[in-house]
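**Q** Here it is, the structure in full.
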Amino acid sequence: MHVAVTAVGPDRPGIVAAVSHVLYDVGGNIEDSRMAILGGHFAMVLIVALPDGADQKELERALAEPAGKLELITTVRPVDDSPALHAEGSPYVVSVYGADKPGIVWQISEALAAANVNISDLATHVVGDQEPVYVMILEVDLPPGADAEAIGMALKVIGEELGVDVAFNPMDAETL
Amino acid sequence: MAVRPVLRYPAAVLKAVALPIDPADAEQLCVDLVDTMRASPACVGLAGPQIGVSARAFCMDVTGHKKANSCNGLVVLIDPVIKARAGNDVSREGCMSLPDITGNVRRATEVTVRGLTPDGSAREITADAFEARALQHEIDHLDGLLFLDRVSSLTADLFPRKRYR
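These protein sequence lines map, in sequence, to chains C and Y. So in the numbering used here, spot 87 of the first sequence is number 109, and the numbers just go up one at a time. So in the numbering used here, spot 77 of the second sequence is number 79, and the numbers just go up one at a time.
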């Protein structure tokens, strides 16, 4: 069985060690995971394979101790064992940047959803103190046969409406 | 003509330092490398270990590639050595032996490589931009190094890894 484990708390050394130790003790195996400092908080999302017989409740109990010590908010919930969808489309990178304002993530992601474009990775960041700049980078998969030019244009139009810059480029990972 | 299967990690040969090539096998290996590269869509280079042969030889051809600047056409080298390198930049690479993942790798932007052609004569080439990157990637394969051994950042280099306090 697989569970999704999340933990968020004030950043400090030892969070990953404490959480992964608990997972190890219950026989869990961390498969896909992402962890990062976000606004001074350390956030982790992990897909964990649990051995037969282990259960969600047991893991929740085991996480309570490090969570209390490290001020972490943790969750555990079962997820389907179905394998990840394999991207068949074309990978693109979308960069959106400009003055911060509400609605950037929503409007850009809605345009992508309308074109059946799947977001595979998204990160946002506010940089600079005097004049903060909002930066969002997305990796997306265009479905087979998608009109990349039209999607790029639609994103540009939204960028103009929001007053932010938008770049839309094929992800040029080169297979060597 | 022999198109051979391209091995994927964790095949042990990919992580081993490749052995000196047996001159008797050199010609056939080089033909197989080129045939396999040509048969693989979007493949611009292939090294001996990738087709299961622990031997210091690779082929490369960046002809027509949009990111290429220098282009030496088809390059097939035995015992290649990087004699000079200059500059560096970061670009995202993938590898047929590590499908489905890519990573940002810092590499020299100009290299000079010396080696032997399949018929045994010396060849020296200079390359820049994409061709230089491809050369370094292929020569790494001969030393048991995959791009994951050289990854320089998790995603785009845009987000500083700053700490907030």
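Just so you know, even glycine gets a beta-carbon here, dropped at the ideal spot from N, CA and C.
Judging by CA-CA distance, which residue of 49(C), 71(C), 186(C) is the nearest neighbour of residue 154(C)?
**A** Residue mapping note: residue 154(C) aligns to position 132 of the first sequence, counting from 1. Nearest of 49(C), 71(C), 186(C) to residue 154(C), Cα basis: 186(C).
**Q** Report yes or no: is there a C-beta of chain Y within less than 9 Å of the C-beta of residue 198(C)?
**A** To locate residue 198(C), count along the first sequence from 1; it is residue 176. Chain Y, which has a Cβ nearer than 9 Å to the Cβ of residue 198(C), makes this yes.
**Q** If you drop the 5 nearest sequence neighbours on each side, which residues of the same chain put their C-beta closer than 7 Å to that of residue 177(C)?
**A** One-based indexing of the first sequence puts residue 177(C) at position 155. Within the same chain, residue 177(C) has close Cβ partners 116, 130, 133, 188, 190.
**Q** Need the endpoints of the beta strand (DSSP E) that residue 85(Y) sits in, please.
**A** Against the second sequence, residue 85(Y) aligns to sequence position 83. Its beta strand (DSSP E) spans residues 77-88.
**Q** Looking at the unbroken beta strand (DSSP E) that takes in residue 126(Y), where does it start and where does it end?
**A** The count along the second sequence starts at 1 and reaches residue 126(Y) at position 124. It spans 124-130 - the beta strand (DSSP E) in which residue 126(Y) sits, taken as one unbroken run.
**Q** Between the C-alpha atoms of residue 28(C) and residue 143(C), what's the straight-line distance to the nearest angstrom?
**A** Numbered from its first residue, the first sequence carries residue 28(C) at position 6. Numbered from its first residue, the first sequence carries residue 143(C) at position 121. If you take the alpha carbons of residue 28(C) and residue 143(C), they lie about 17 Å apart.
**Q** At a CB-CB cut-off below 7 Å, which residues of chain B make contact with residue 195(C)?
**A** The displayed structure is made up of protein chains C and Y, and chain B is not among them.
**Q** Give a yes or no on whether the minimum CB-CB distance between residue 136(Y) and chain C is below 9 Å.
**A** On the second sequence, residue 136(Y) is found 134 positions in, with the first residue counted as 1. Closer than 9 Å to some Cβ of chain C, the Cβ of residue 136(Y) qualifies, so yes.
**Q** Out of curiosity, what's the CA-to-CA distance linking residue 125(C) and residue 68(C)?
**A** Indexing the first sequence from 1 puts residue 125(C) at position 103. Indexing the first sequence from 1 puts residue 68(C) at position 46. In a straight line, the C-alpha of residue 125(C) is about 28 Å away from that of residue 68(C).
**Q** Consult DSSP for residue 73(C) and reduce its assignment to one of helix, strand or coil.
**A** The sequence position of residue 73(C) within the first sequence is 51, counting from 1. Coil.
**Q** Which residues mark the beginning and the end of the alpha helix (DSSP H) in which residue 46(C) is found?
**A** Counted from its first residue, the first sequence places residue 46(C) at position 24. Unbroken alpha helix (DSSP H) run through residue 46(C): 37-47.
**Q** Can you grab the Cα-Cα spacing for the pair residue 92(Y) / residue 184(C), in whole Å?
**A** Translated into the one-based positions of the second sequence, residue 92(Y) becomes position 90. Translated into the one-based positions of the first sequence, residue 184(C) becomes position 162. Cα-Cα distance, rounded: 31 Å.
**Q** Quick check: the Cα distance between residue 64(Y) and residue 128(Y), rounded to an integer number of angstroms?
**A** As a position in the second sequence, residue 64(Y) is number 62, starting the count at 1. As a position in the second sequence, residue 128(Y) is number 126, starting the count at 1. Approximately 13 Å, taken between the alpha carbons.
**Q** Residue 132(Y) versus chain C: which residues are under 8 Å apart at the beta carbon?
**A** Along the second sequence, one-based indexing puts residue 132(Y) at 130. Going along chain C in sequence order, the residues near residue 132(Y) (Cβ under 8 Å) are 196.
**Q** Assess, as a yes-or-no matter, whether the stretch 17-24 of chain Y is touched by the stretch 92-108 of chain Y under the definition of 3 or more beta carbon pairs within less than 8 Å.
**A** At 8 Å Cβ cutoff, the stretches do not touch.
**Q** Residue 47(Y) versus chain C: which residues are under 8 Å apart at the beta carbon?
**A** For this step, residue 47(Y) is matched to residue 45 along the second sequence. Neighbours of residue 47(Y) on chain C, chain order: 198.
**Q** When you check each C-beta in the stretch 34-66 of chain Y against every C-beta of chain C, which residues fall closer than 8 Å?
**A** Those would be 44, 45, 46, 47, in chain order.
**Q** From which residue to which residue does the beta strand (DSSP E) around residue 50(C) run?
**A** What you label residue 50(C) is simply residue 28 of the first sequence in a count that begins at 1. That residue, residue 50(C), is in no beta strand (DSSP E); it is neither H nor E in DSSP.
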